[in-house]
Amino acid sequence: MSNRVSFALILIAFFVLTACNSTGGTRSEYVAKDAKAADINMRLGLNYMQRGDYKIALEKLEKALKQNPNLSSAHNTIALLYQYLGENDKAEEHFERAVQLEPDYSEAQNNYGVFLCQQSRYDEAEKRFLKALENPLYSSAALAYENAGLCTEKAGATDRAEGYFRKALQMAPRLPKSLLKMASISYQQQNYLQARGYIQRFQQAASWTSQALLLGIKIETKLADKNAVSSYKLILRSRFPDSDEMRIVNQGLVE
Numbered sequence: 002m003s004n005r006v007s008f009a010l011i012l013i014a015f016f017v018l019t020a021c022n023s024t025g026g027t028r029s030e031y032v033a034k035d036a037k038a039a040d041i042n043m044r045l046g047l048n049y050m051q052r053g054d055y056k057i058a059l060e061k062l063e064k065a066l067k068q069n070p071n072l073s074s075a076h077n078t079i080a081l082l083y084q085y086l087g088e089n090d091k092a093e094e095h096f097e098r099a100v101q102l103e104p105d106y107s108e109a110q111n112n113y114g115v116f117l118c119q120q121s122r123y124d125e126a127e128k129r130f131l132k133a134l135e136n137p138l139y140s141s142a143a144l145a146y147e148n149a150g151l152c153t154e155k156a157g158a159t160d161r162a163e164g165y166f167r168k169a170l171q172m173a174p175r176l177p178k179s180l181l182k183m184a185s186i187s188y189q190q191q192n193y194l195q196a197r198g199y200i201q202r203f204q205q206a207a208s209w210t211s212q213a214l215l216l217g218i219k220i221e222t223k224l225a226d227k228n229a230v231s232s233y234k235l236i237l238r239s240r241f242p243d244s245d246e247m248r249i250v251n252q253g254l255v256e
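Sequential numbering of the sequence shown, starting at 2, is according to the working numbering.
Given below as structure tokens:
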């Protein structure tokens, strides 16, 4: 499975859970005749998505939008489904509609930003993340900062990315991706003690990954801590014996 599809799965597993309720936004004043039925079908579509029944989910979400074309949460949810299915034109159409209907719908702005970043439209994506963060009641602001960091890093703007990761960790100190990215950035800046600190915080917040262990080996090699290097290598060999990171270590390619 490609990284794009895997990332989409993560999006559906997390972001869509908050798609039903926008915090602090101003809903459209349009009231559909079947508004209640539309909301029920949207929620059914969401449930079917979470179960992996994408065909039925699509039917329910399309029905919800027929009953209430201005239901922004349904546009956001069906956009995520189209994104997963690889129908990017339809996904963008519905993301755009969701944020037009409700500009303060931070979940939709954030999800749209992730979508745009996947299309390498980094500047547009960053603007969506920042738009999501304009809502002071947005409960997942830390994740929007993290997504902004991930996206700006892909665009090569490491300094801006670092700022976003720091803001994310100020709000949620145990965000694994931000901790690992800050460890990597600190390592690249040759600030090895700070990098060690971030890796240790990552270890407390999440399960080891082969990438994190390799970074730990690199950091401790620079700090000349042979015991820590041996410990990380042992964990890597035990948990990820066939990984690319293990191959790098076995071939002596750790800098």
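Just so it is clear, CB atoms sit at the ideal spot from N, CA and C, and this is done for glycine as well. Computed from a predicted model, the values in this text were never measured in an experiment.
Residue range of the unbroken alpha helix (DSSP H) whose run includes residue i
i	result
A196	193–206
Y146	142–155
A75	73–86
S107	107–119
T210	Looking at the DSSP string, T210 is not in any alpha helix (DSSP H), and its letter there is neither H nor E.
R129	123–134
F96	89–102
R175	That residue, R175, is in no alpha helix (DSSP H); it is neither H nor E in DSSP.
E246	245–251
D35	Counting along the chain, D35 falls outside any alpha helix (DSSP H), and DSSP gives it neither H nor E.
Closest residue to residue i among the options (Cα-Cα distance)
i	options	result
P116	T222, G198, E97, D40	The amino acid occupying residue 116 in the given sequence is Phe; Pro does not appear at that position. Nearest option by C-alpha distance: E97.
K91	N111, E63, Y106	E63
E154	R248, A162, E147	A162
G46	K67, Y233, I79, S232	I79
R1	E60, K168, C152	Summary: the structure shown does not reach residue 1, with the chain confined to residues 2 through 256, and so no result is reported for it.
G87	S74, K61, Q119	Q119
G53	S244, L81, N69	L81
A169	A184, E147, D160	E147
P104	S73, Q51, E93	S73
Beta-carbon proximity of residue i to residue j, cut-off 9 Å
i	j	result
F241	S208	no
I200	I220	yes
P177	F203	yes
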